[in-house]
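Read through the structure below, which is laid out as structure tokens, and then see the notes.
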Ligand SMILES: C=C(O[C@@H]1C=C(C(=O)O)C=C[C@H]1O)C(=O)O
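So, in structure tokens, the structure goes:
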């Protein structure tokens, strides 16, 4: 049995391959900033920073950020909360080789959304989204269960997406694990056309 830390998912270029229910597929394929959409779907949005420090990256992530094997990277873990309910677990890794000029705002982000620094910086280019079905035993799910305090065996399958961002010589990989509560978010109020004439 492969050690949990080395277990990998199949990351696919098209969301249809992960078999997500339609409502989850809609979230997985959010085209722009996920932060912006979550803000629109909730009364109060918060980025809860869990950890931002050096750590070993996951086997899934090493190749995606140009590393021949898992090694220490800068890691950022967050829970995105809508009206205080956790709806997305965010895991971001940056190679230690990155210079401060590659990602000038990354280290001091705190509880500001990474998305606000990625989507509004003209020097940042965004790669293609990839999608995966994370099954029990994937190391990201162990993290999700740790932070959510869920004891007992992993039963549920989660859906995730990831995207590689580039800026100057730097790369940064954001992985978002969508929690079931994201499906409870109400659609934003639409301003119906009251002009009935
Ligand atoms: C990439 C984005 O940033 C979000 C914010 C994150 C953070 O602050 O660490 C992590 C995951 C993302 O969902 C986005 O808003 O799309």
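In full-length UniProt numbering, the protein residues as written are 1 to 197.
We treat Cβ as the ideally placed atom computed from N, Cα and C, and that holds for glycine.
- If one requires a minimum length of 4 residues, the alpha helix (DSSP H) runs lying completely within the region 8 to 94 are 22 to 28, 34 to 40 and 59 to 62, in chain order.
- With fewer than 16 other Cβ atoms inside 10 Å of its own Cβ, residue 122 counts as exposed.
- Shortest gap from the CB of residue 61 to any heavy atom of ligand 1: 7 Å or more.
- Secondary structure note for residue 140: its alpha helix (DSSP H) is the uninterrupted segment 139 to 148.
- Three or more Cβ pairs closer than 8 Å define a contact, and the region 129 to 141 meets that threshold against the region 155 to 163.
- Pairing residue 92 with residue 173 gives a Cβ-Cβ distance under 8 Å.
- A distance below 8 Å separates the beta carbons of residue 83 and residue 42.
- 8 Å or more divides the Cβ of residue 64 from the Cβ of residue 70.
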